[in-house]
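With the UniProt record's numbering applied, the sequence shown covers 183 to 548. Heads up, the beta-carbon is just placed ideally off N, CA and C, and yes, glycines get one too. Note that the structure is predicted; figures quoted are calculated from it, not measured. These notes concern the structure reproduced below.
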Amino acid sequence: KKKIAVLTSGGDSQGMCSAVRAVVRAGIFYDCDVFAIYEGYSGLVQGGSLIKKMQWQDVRGWLALGGTLIGTARCMEFREKWGRLQAAKNMVVNGIDALVVCGGDGSLTGADLFRSEWPSLLEELVSKGELTKEEVAPYQNLTIVGLVGSIDNDMAGTDSTIGANSSLERIREMVDYIDATATSHSRAFVVEVMGRHCGWLALNAGIATGADYIFIPERAANPSTWKDELKVVCARHRAKGKRNTTVIVAEGALDSDLKPITSEDVKNVLVELGLDTRITTLGHVQRGGVAVASDRLLATLQGVEAVKAVLELTPADPSPLIGILENKIIRTPLVEAVKNTKLVATAIAAKDFDKAISLRNTDFIE
Ligand code: F6P
């Protein structure tokens, strides 16, 4: 009987609970034992009561819940060799030989590193006398499967990450609220949204709410002209009778000298234009609330696919990341996806913004 563990790691996102539910139930359906690791990789390092065998009914109602009920963490111990050694021991002690990790690129990179080190970790546990040769013998191969849970939609190899659409919907709702008060007072609002180094949330929120202007890292603004351009565009909209001005700023927005463009910078320009301007930083409300239908669907389909992958993979196969491309649930090598995600940062550092945008799910604006 295959023993699969599921954990959520990194920043939480809407739909993580739906993903855990899908892994638990698909695992049980396919006659596996399924374990939830609580508190992300910390649970794997600490073991004990943080590793819990799950029953069908344990995840009842989870489809509709926000956040992650098994907890998440950005775990420092797992970045250290001793932490991964401890994690390997806890896996063997619990008889677990497959791990489904739902998290962002950092969490998935950690998972793949864990797999590549796995044989040497087992050897070390034996040589230190923590486990016997007999105990580790049945666990020579570790299967890792990645699910991308992140509001940022910043992972290559998938059109959408679990949580991105829910977060976008939350931003859309908040900007609609802001627009009402902005119009009443004839004010300008600079709305700062999350996304880390990725502009997907800002771009899509801006289009969905009819914002006047959007700043994203991948389409870096010209440092000598952006202020004037912003003024021209906003003044033009005002001249047409618009009573509110909305500028969406991605938290990672940059100019083409790679200098951050902050909400405060943008506000100052709008004030110069004579607009009564406020800044709203949406913050963690963007990660809150329940998952929208499309994220529940994505998490469920991908959770089931993750279990199927666990059952079908051979030791020679690379660890897969479960994604969605052109409406099909797909498996793609996890390492490749992480590598391609990193290419965006490289392109931005090299000021090759066309390349950066083409590597993102924002490429539809070209
Ligand atoms: O990666 C998800 C994310 O919400 C980013 O958009 C944001 O930059 C970051 O996490 C915030 O992290 P924390 O919750 O640790 O403040």
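Span separating the alpha-carbon of VAL451 from that of SER191: Using only the alpha carbons, I get a separation of about 39 Å.
Using a Cβ-based criterion (distance less than 8 Å to any ligand heavy atom), does ASP477 qualify as near the ligand F6P? Closer than 8 Å to some heavy atom of the ligand F6P: that does not describe the Cβ of ASP477.
Taking the straight line between their C-alpha atoms, what separation do you get for CYS284 and ILE389? One C-alpha to the other measures close to 29 Å.
Starting from the Cα of LEU304, find the closest Cα among ASP294, ALA319, ALA280, ILE333 and give me that residue. Nearest C-alpha to LEU304: ALA319.
Rounded to the nearest angstrom, what separates residue 159 and ALA362 at their Cα positions? Residue 159 lies beyond the residue range present for the chain, which begins at 183 and ends at 548; the question has no answer from this structure.
Once DSSP output is grouped into helix, strand and coil, what is the label at ILE398? Here ILE398 sits in coil by DSSP.
Pairwise C-alpha distance: GLY345 and ARG297: Distance between the alpha carbons of ARG297 and GLY345: 26 Å.
Grab the span of the alpha helix (DSSP H) containing VAL216 for me, first residue to last. Unbroken run through VAL216 is the beta strand (DSSP E), 215–219; no alpha helix (DSSP H).
Exercise answer, beta-carbon shell around the ligand F6P heavy atoms below 6 Å: The set of residues with a C-beta under 6 Å from any non-hydrogen atom of the ligand F6P comprises GLY193, GLY286, SER332, ILE333, ASP334, MET376, GLY377, ARG378, GLU433, ARG469, given in chain order.
Jot down the residue ranges of each uninterrupted beta strand (DSSP E) in the stretch 404–439, minimum 3 residues, whole runs only, in chain order. Runs of the beta strand (DSSP E) inside the stretch 404–439: 427–432.
Nearest-angstrom Cα separation, counted from THR523 out to ASN543: Rounded to whole angstroms, ASN543 to THR523 spans 11 Å at the Cα level.
Nearest-angstrom Cα distance between ALA432 and ALA529? Their backbone Cα atoms lie some 18 Å apart in a straight line.
Residue from ASP410, THR365, VAL375, PRO442 whose Cα sits closest to the Cα of ALA402: Comparing alpha-carbon positions, the option among ASP410, THR365, VAL375, PRO442 lying closest to ALA402 turns out to be PRO442.
Report yes if the C-beta distance between VAL357 and VAL448 is below 9 Å; otherwise report no. Contact flag unset, no.
Rounded to the nearest angstrom, how far is the Cβ of LEU267 from that of GLY225, given a contact under 8 Å? The pair is not a contact, with the Cβ atoms about 16 Å apart (cut-off 8 Å).
Indicate the three-state DSSP secondary structure (helix, strand or coil) for PRO497 in the structure shown. Three-state result, PRO497: coil.
Taking the C-alpha atoms as reference points, what is the distance between GLY377 and ARG352? Roughly 13 Å separates the two Cα atoms.
Cβ of LEU189 versus every heavy atom of the ligand COA: is any distance shorter than 8 Å? As for the ligand COA, it is missing from this structure, which binds only the ligand F6P.
From which residue to which residue does the beta strand (DSSP E) around ARG352 run? Per DSSP, ARG352 lies in no beta strand (DSSP E); the unbroken alpha helix (DSSP H) holding it starts and ends at 346–367.
Starting from the N-terminal side, write out each stretch of the alpha helix (DSSP H) that is 4 residues or longer and does not extend beyond the stretch 210–257. The qualifying runs are 223–228.
Have a look at THR291 and LEU324 and give me their C-alpha separation to the nearest angstrom. Roughly 15 Å between the two C-alpha positions.
Using a Cβ-Cβ cut-off of 7 Å (strictly less than) and excluding sequence neighbours within five positions of VAL472, which residues of its own chain qualify? Closer than 7 Å at the Cβ level, and outside the excluded window around VAL472, lie GLN196, ALA246, LEU247, GLY248.
Pairwise C-alpha distance: THR462 and LEU251: The alpha-carbon atoms of LEU251 and THR462 are separated by roughly 29 Å.
How about the stretch 251–261 and the stretch 207–224: do they share at least three Cβ pairs that are nearer than 8 Å? At 8 Å Cβ cutoff, the stretches touch.
Measure the CB-CB distance between GLU411 and PHE535 and report whether it falls below 9 Å. Not a contact, by the Cβ cut-off of 9 Å.
Span of the beta strand (DSSP E) holding ASP327? In the sequence as presented, Asp is not what sits at residue 327; that position holds Val. 325–332 is the span of the beta strand (DSSP E), which, as asked, contains VAL327.
How far does the alpha helix (DSSP H) with LEU385 in it extend, from its first residue to its last? Residues 382–391.
From this set, VAL227, GLN239, GLN228, which residue's C-alpha is nearest VAL216's C-alpha? For VAL216, the nearest C-alpha among the options comes from GLN239.
Is it buried or exposed for LEU440, if we count other Cβ within 10 angstroms and need 16 for buried? LEU440 is classed as exposed because its beta carbon has fewer than 16 other beta carbons within 10 Å across all chains shown.
Buried versus exposed call for ASN335 [16 or more other C-beta atoms within 10 Å across all chains shown]: It counts as buried.
LEU516 (DSSP reduced to helix, strand or coil): Helix.
Pairwise C-alpha distance: GLY193 and SER289: Roughly 10 Å between the two C-alpha positions.
State the start and end residues of the unbroken alpha helix (DSSP H) segment that holds GLU262. Membership of GLU262 in any alpha helix (DSSP H) is not indicated, and neither H nor E is assigned to it by DSSP.
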